[in-house]
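Each residue of the sequence shown is one higher than the last, beginning at 0 in numbering that gives the first Met the number 0. Just so it is clear, CB atoms sit at the ideal spot from N, CA and C, and this is done for glycine as well. Since the structure comes first, as structure tokens, the remarks are kept for the end.
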Amino acid sequence: MLEVHKMEKFADFMYYLLTSPFKRIKKSQNQWYILFQVLGSYMDHAGEILYEAREQTMLATCDASMLQSHADDRSIVRYPGETDENYRKRIANYTEVCRLGGTNQGMILAVRKLGFDDAEIKTAVELKGDADRWAEFYVTVHQDIDKEYPIGFDILKSEVRKVKYVTAKDNYIYLFLIKIITPPAELKLKSKSVIKIDNYNYLRLDGTWSLDGSQTLDASYRKFLVKQRSRIQFTTPTGRVGSINRVVKHNDWCLDGTYLLDGTKEMDAYRFEEEIV
């Protein structure tokens with residue numbers, strides 16, 4: 000079975016290729032080994048340069064300083080404020096965006112590579128229901144309100160117009176999303192109403208009496224109160240809130256036969272209003 004040796008240095012590899020007669024002298028005195036150590040340092044350095052060159056020639060692994068070199072090959076300019084990651088994505092997808100030019104997929108791809116990950120394209124007929132605006136479309140961008148704005152509006156509009164259908168009119172909508180982390184305070188409402196009516200025997204006037212003081216109305220006092228009493232209370236975790244108005248009416252005077260209906264007495268009632276906090 001073939002034995003595999005992993006070697007990190009070029010000098011060790013060249014020394015491994017020597018036949019046994021050349022390895023009989025210990026390494027510190029072996030001229031071949033000393034030669035390979037000198038030449039190997041140059042070869043190792045050259046290998047590192049080649050590996051670095053390979054990394055820099057690939058867009059996915061190159062340094063930020065090399066992005067402009069890759070962009071120059073595609074005639075792409077960097078926009079002010081554009082991050083390295085968005086710039087890298089836009090360069091990498093340039094060919095695909097051009098291939099999809101004039102389609103919704105191409106416009107969405109162009110918008111997303113500017114940093115707007117959540118975007119959609121809809122026609123004016125779909126979004127507004129206006130059939131007369133058949134040649135218009137809307138680019139809708141969804142963005143968290145606390146997220147950093149990736150790029151300016153003029154840049155977004157410029158990129159969309161590079162790939163949109165030439166006769167279509169572009170419009171833009173920004174939808175900013177707000178997340179409520181703290182739940183709203185709980186509000187409890189408790190209402191209790193009590194209505195109490197005391198019935199009593201009454202004498203109904205049928206028009207046979209003349210109200211000239213010659214007759215008396217014989218009735219007994221039955222504690223009849225014409226009033227309404229309500230209690231409403233709002234309760235929250237922080238305490239009681241709200242404002243409640245209460246109206247009370249009284250007319251608990253009943254005719255018991257002691258008054259003559261000759262105009263010498265008045266049957267009065269009162270009413271008051273109050274605000275309960």
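| query | result |
| --- | --- |
| From N85 to K25, what does the alpha carbon distance come to, in whole angstroms? | 57 Å |
| Kindly provide the ranges of any beta strand (DSSP E) runs that are 3 or more residues long and lie completely inside the segment 67-138, ordered along the chain. | 118-122 |
| Consider the Cβ of I75: report whether some Cβ of chain B lies at a distance smaller than 7 Å. | Absence of chain B from the displayed structure is noted, only one protein chain being present. |
| Does DSSP put L210 in a helix, a strand or coil? | coil |
| Would you mind giving the Cβ-Cβ distance between K168 and E119, rounded to the nearest angstrom? I have them listed as a contact below 8 Å. | At roughly 17 Å, the Cβ-Cβ gap does not stay under 8 Å, so K168 and E119 are not in contact. |
| Please classify S19 as buried or exposed, where buried requires at least 16 neighbouring CB atoms within 10 angstroms. | exposed |
| Among Q55, G46, A109, Y78, whose alpha-carbon lies nearest the alpha-carbon of K161? | A109 |
| What residues in its chain sit with their C-beta under 6 Å from that of F115, if we drop five residues either side in the sequence? | V140 |
| Tell me whether I172 sits in a helix, a strand or coil according to DSSP, three-state version. | strand |
| How would you label H44, buried or exposed, when you count the other beta carbons within 10 angstroms and need 16 or more for buried? | exposed |
| Measure the Cβ-Cβ separation of V138 and A130 and say whether it is below 7 Å. | no |
| In its own chain, which residues sit with a C-beta less than 8 Å from the C-beta of L17, not counting the 5 before and 5 after it? | W31 |
| I'd like the list of long-range same chain contacts for D117, defined as Cβ closer than 6 Å, with 5 residues on each side in sequence excluded. | H141 |
| When you compare the CB positions of G39 and A10, do they come within less than 7 Å of one another, or not? | yes |
| In chain order, what residues of the same chain lie with their CB nearer than 6 Å to the CB of G100, ignoring the 5 residues before and after it? | V162 |
| What's the gap between the Cα of S27 and the Cα of T60? | 41 Å |
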